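As given, the protein sequences belong to chains A and B, one line each in that order.
Take the position in the first sequence, starting the count at 1, then add 791; the result is the number in the numbering used here.
Take the position in the second sequence, starting the count at 1, then add 271; the result is the number in the numbering used here.
Don't be surprised by glycine CBs; every beta carbon is placed ideally from N, CA and C.
Predicted model, so just to flag it, every value in this text is computed and none were measured.
Worksheet: the structure to be examined is printed underneath.
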Amino acid sequence: MIEVKGVTKRFGPKVAVDNLSFEVKNGEVLGFLGPNGAGKTTMMRIITCYMPATEGSVTVAGHDTLTESFEVRRHIGYLPESAPLYLDMDITDYLSFVAQVRGIAPSERHEKIRRIAEICGLQNVMGQDIGTLSKGFKQRVGLAQALIHDPDLLILDEPTTGLDPAQIIEMRELIKRIGREKTVILCSHILPEVSATCDRILIINEGKKVASGTPDELATATEGSVTIQAKIYGPEAQVREKIEGMEHVIGCRVVESPPGGPVTFVLKAKPNGDLGREVFKMVVENGFSLSELKAERISLEDVFLQLTTKERSAE
Amino acid sequence: MRNIAAVLQKELRSYFNSPIAYIVIVLFVGFSSWLFFRSFFMANQASMRLYFTMLPWLFMIFAPLITMRLWAEEKKLNTLELLMTMPLKDWEAVLGKFFASLFLLVVMLLLSLPLALSVSALGNMDWGPVIGGYLGAFLMGAAYLSIGLFVSSLTQNQIVAAIIGFFLCFVMWIVGENIVVFMAPASLAGVLEFLGLGAHFESIGRGVIDSRDLIYYLTVIGFFLFLNVKGVESRKWA
Ligand SMILES: Nc1ncnc2c1ncn2[C@@H]1O[C@H](COP(=O)(O)OP(=O)(O)OP(=O)(O)O)[C@@H](O)[C@H]1O
Ligand SMILES: [Mg+2]
Chain A
792 MIEVKGVTKR FGPKVAVDNL SFEVKNGEVL GFLGPNGAGK TTMMRIITCY MPATEGSVTV
852 AGHDTLTESF EVRRHIGYLP ESAPLYLDMD ITDYLSFVAQ VRGIAPSERH EKIRRIAEIC
912 GLQNVMGQDI GTLSKGFKQR VGLAQALIHD PDLLILDEPT TGLDPAQIIE MRELIKRIGR
972 EKTVILCSHI LPEVSATCDR ILIINEGKKV ASGTPDELAT ATEGSVTIQA KIYGPEAQVR
1032 EKIEGMEHVI GCRVVESPPG GPVTFVLKAK PNGDLGREVF KMVVENGFSL SELKAERISL
1092 EDVFLQLTTK ERSAE
Chain B
272 MRNIAAVLQK ELRSYFNSPI AYIVIVLFVG FSSWLFFRSF FMANQASMRL YFTMLPWLFM
332 IFAPLITMRL WAEEKKLNTL ELLMTMPLKD WEAVLGKFFA SLFLLVVMLL LSLPLALSVS
392 ALGNMDWGPV IGGYLGAFLM GAAYLSIGLF VSSLTQNQIV AAIIGFFLCF VMWIVGENIV
452 VFMAPASLAG VLEFLGLGAH FESIGRGVID SRDLIYYLTV IGFFLFLNVK GVESRKWA
């Protein structure tokens, strides 16, 4: 659907996007992640033909953003950062303007607007001036204008900033629902948002790609190991010795050792093999007993921080 | 065509949904009628000549007030990003906005028709120069609007757009005035006289409609609308 090849964007001496290449497949929901100033918005502006790249090329649905920008724009629904809207228009007028430019026939406009208002939960505010809406409703109007022409590709730049928790959840549900049928790029610097909604995550920092993969892949790849917490009944020293003797284990640490209760171990191992199964086998073979076995995921927050700060300290 | 109409409609909705359009129209009609009648009773002539000599100066102020928000506000609110990422050509947006401002101008001119009617009721008026005057005023107003619209595309501050727009209209008007033409080197004099908005306005105002004057106005309008397209594109030049 989208092919980004070696895109660099400079603003004077400032490099906002630095030789970035990636692809988004049809139907995929891509989380585009990076700290403030990483170049997310700039990259989206290049894809949506708002501004050209200094170097490199972008194609959307096979059309080049420079030479066939008109075609590209027809495929895209775009909600820019902080949902810029005409504050002195009412929602219905605004949406019918968008519908008109999007080439929706006059006879269908009314029905399309009604349907999109329903999807975005705008039915009760339709006649209101956009300027008088709350932030969350403005965001919904922004989403409605991006969806009204049923685009193949939806680009959302931080769609949940400024929303209250209930609205954030609602917005995420909506994005998930839309993501089932459409290709979506979701820009954000909030990890839970991206991991909750996206098939694949691309992390950039200072304009460069630092990682990409599914949320699971990212969590494993960056840590380079898996971690398990096991509560085992048995003499602490003996159990520990057995654990350290296991094949892939690289570390073992006792977290808790209550008298008469199970000892809590945290094991770190190389990612090959099924650690949980091996721990279970070890316990059975040695006549200990197992109280609890829990795989500990390192959180994506850790991954994100690790990746984006590693880059910085390397400079 | 469809896109031009869409932008035109959107701008008109914005104009009439906010107080700007009404304020500009009411102020213009009030100002121009007062100035007109004041001098009309002094001159004691059944003619609109005074009205049409005054119009260029009024339009110089009112045209930039009409156009100042058209691009500056899109830039300020960043709605430009949404507008320009829709399937819409830059020149279509420029024309849509230009026609919206022209609509306001026409409303303003139509609202001055009662002036002409009351003058003709008071005495025997020659309608030839009046019709010429209206045509000239329309063309000159359109030229001012194209200048104001262009300036609006260069800034996100409406006040700056209005002031610079006014200044540029003023310059375009006076370059053809006698004082400027006399002071300029002889080789430039003819060019300046041709470039100035004033001389063409006066010749149309006499009721003589010369195709050269029409072409002149259309060229000025076309030129500034072209610059306007470039101004909108300037976001891409970073
Ligand atoms: N028009 C511009 N002129 C100059 N510099 C710019 C321009 N647009 C963006 N930049 C710079 O490019 C860098 C990337 O900005 P961008 O807005 O793409 O970041 P972002 O990842 O969207 O950040 P955020 O999470 O804060 O929205 C920033 O350092 C910014 O200052
Ligand atoms: Mg951003």
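Cross-strand partners of residue i (DSSP beta bridge)
i                : result
N827 of chain A  : Answer by DSSP bridge pairing: none, since N827 of chain A is not bridged.
N996 of chain A  : A:K999
I867 of chain A  : A:L944
V851 of chain A  : A:I793, A:H854
F1056 of chain A : A:A1021, A:V1045
D920 of chain A  : A:D881
T778 of chain A  : Not covered by the structure: residue 778 of chain A. The range shown for chain A is 792 to 1106.
V820 of chain A  : A:V975
G1004 of chain A : A:I992
Contact check, residue i vs residue j, beta carbons under 8 Å
i                : j                : result
I939 of chain A  : V985 of chain A  : no
Y415 of chain B  : L380 of chain B  : no
Q427 of chain B  : A343 of chain B  : yes
L1058 of chain A : C1043 of chain A : yes
A408 of chain B  : F323 of chain B  : yes
S1048 of chain A : V1054 of chain A : yes
G447 of chain B  : L463 of chain B  : yes
L821 of chain A  : V815 of chain A  : yes
L944 of chain A  : H866 of chain A  : yes
L420 of chain B  : K368 of chain B  : yes
I736 of chain A  : K831 of chain A  : Given that chain A is displayed from residue 792 to residue 1106, the structure contains no residue 736 of chain A and the question cannot be resolved.
A314 of chain B  : L321 of chain B  : yes
S304 of chain B  : L386 of chain B  : yes
T799 of chain A  : T845 of chain A  : yes
V365 of chain B  : V500 of chain B  : yes
Y869 of chain A  : T350 of chain B  : no
F1071 of chain A : V1030 of chain A : no
M331 of chain B  : W508 of chain B  : no
Opening and closing residue of the beta strand (DSSP E) in which residue i lies
i                : result
S812 of chain A  : 805–815
L878 of chain A  : Per DSSP, L878 of chain A belongs to no beta strand (DSSP E) and is neither H nor E.
V975 of chain A  : 974–979
S1082 of chain A : 1080–1087
Selected residue, minimal CA-CA separation from residue i, among the options
i                : options                          : result
S1082 of chain A : A:H854, A:F1095, A:G1025         : A:G1025
R864 of chain A  : B:I337, B:A343, B:E344, B:E352   : B:E352
E775 of chain A  : A:A935, A:S925, A:K926, A:I895   : Summary: the structure shown does not reach residue 775 of chain A, with chain A confined to residues 792 through 1106, and so no result is reported for it.
E972 of chain A  : A:P871, A:G818, A:K1000          : A:G818
K1061 of chain A : A:A987, A:V1017, A:G1036         : A:V1017
G412 of chain B  : B:T350, B:V479, B:L336, B:M272   : B:L336
L376 of chain B  : B:L496, B:L410, B:R320           : B:L410
P871 of chain A  : A:L977, A:I981, A:L1098          : A:L977
G922 of chain A  : A:V1045, A:A1002, A:R836, A:A874 : A:A874
R905 of chain A  : A:Q891, A:G868, A:A987, A:T883   : A:T883
P400 of chain B  : B:E473, B:L382, B:Q429           : B:E473
M962 of chain A  : A:T974, A:T845, A:V932, A:D990   : A:V932
T952 of chain A  : A:F928, A:I969, A:V975           : A:F928
V297 of chain B  : B:L425, B:K507, B:S423, B:S383   : B:S383
A371 of chain B  : B:L283, B:L496, B:L468           : B:L283
S1003 of chain A : A:C911, A:E1027, A:S812          : A:S812
G847 of chain A  : A:E949, A:D809, A:T1099, A:K1000 : A:D809
M396 of chain B  : B:Q316, B:G493, B:N288, B:M339   : B:Q316
T988 of chain A  : A:T1005, A:S925, A:T850, A:K1000 : A:T1005
Residue span of the alpha helix (DSSP H) that contains residue i, given as start and end
i                : result
W282 of chain B  : In the sequence on display, residue 282 of chain B carries Glu and not Trp. Run containing E282 of chain B: 273–288, per the alpha helix (DSSP H) assignment.
E899 of chain A  : 897–910
V295 of chain B  : 291–314
Q1020 of chain A : Note, Q1020 of chain A: premise wrong, no alpha helix (DSSP H); beta strand (DSSP E) at 1017–1024.
I1041 of chain A : I1041 of chain A -> not in any alpha helix (DSSP H); beta strand (DSSP E) instead, spanning 1040–1047.
A844 of chain A  : Looking at the DSSP string, A844 of chain A is not in any alpha helix (DSSP H), and its letter there is neither H nor E.
C989 of chain A  : Per DSSP, C989 of chain A belongs to no alpha helix (DSSP H) and is neither H nor E.
W362 of chain B  : 361–381
M454 of chain B  : 449–454
E964 of chain A  : 956–970
Within-8 Å CB hit, residue i to chain D
i               : result
D943 of chain A : Checking the listed chains, one finds no chain D in this structure; the protein chains it contains are A and B.
Q | Residues of the stretch 279–295 of chain B whose Cβ lies closer than 8 Å to any Cβ of chain A, in chain order | A | Q280, K281, R284, S285, N288, S289
Q. Can you list, in chain order, the residues of the stretch 336–364 of chain B whose Cβ is nearer than 7 Å to any Cβ on chain A?
A. Within the stretch 336–364 of chain B, the qualifying residues are L348, N349, T350, E352, L353, M355, T356, M357, P358, L359.
**Q.** Within 9 Å of chain B by C-beta, residues of the stretch 836–855 of chain A in sequence order
**A.** R836, T839, C840, Y841, M842, P843, T845
Q) In the stretch 809–821 of chain A, which residues sit with their C-beta less than 8 Å from some C-beta in chain B, listed in chain order? A) none
Q. Of all the residues that make up the stretch 887–904 of chain A, which are near chain B by a beta-carbon distance shorter than 8 Å?
A. F888, V889, Q891, V892, R893, G894
**Q.** Members of the stretch 424–453 of chain B that neighbour chain A once the beta carbon cut-off is set at 8 Å
**A.** none
Q: Mind checking the stretch 462–475 of chain B against chain A and listing, in chain order, the residues whose C-beta falls within less than 8 Å of any C-beta there?
A: none
Q: Determine which residues of the stretch 384–398 of chain B have a Cβ less than 9 Å from any Cβ of chain A, and write them out in chain order.
A: none
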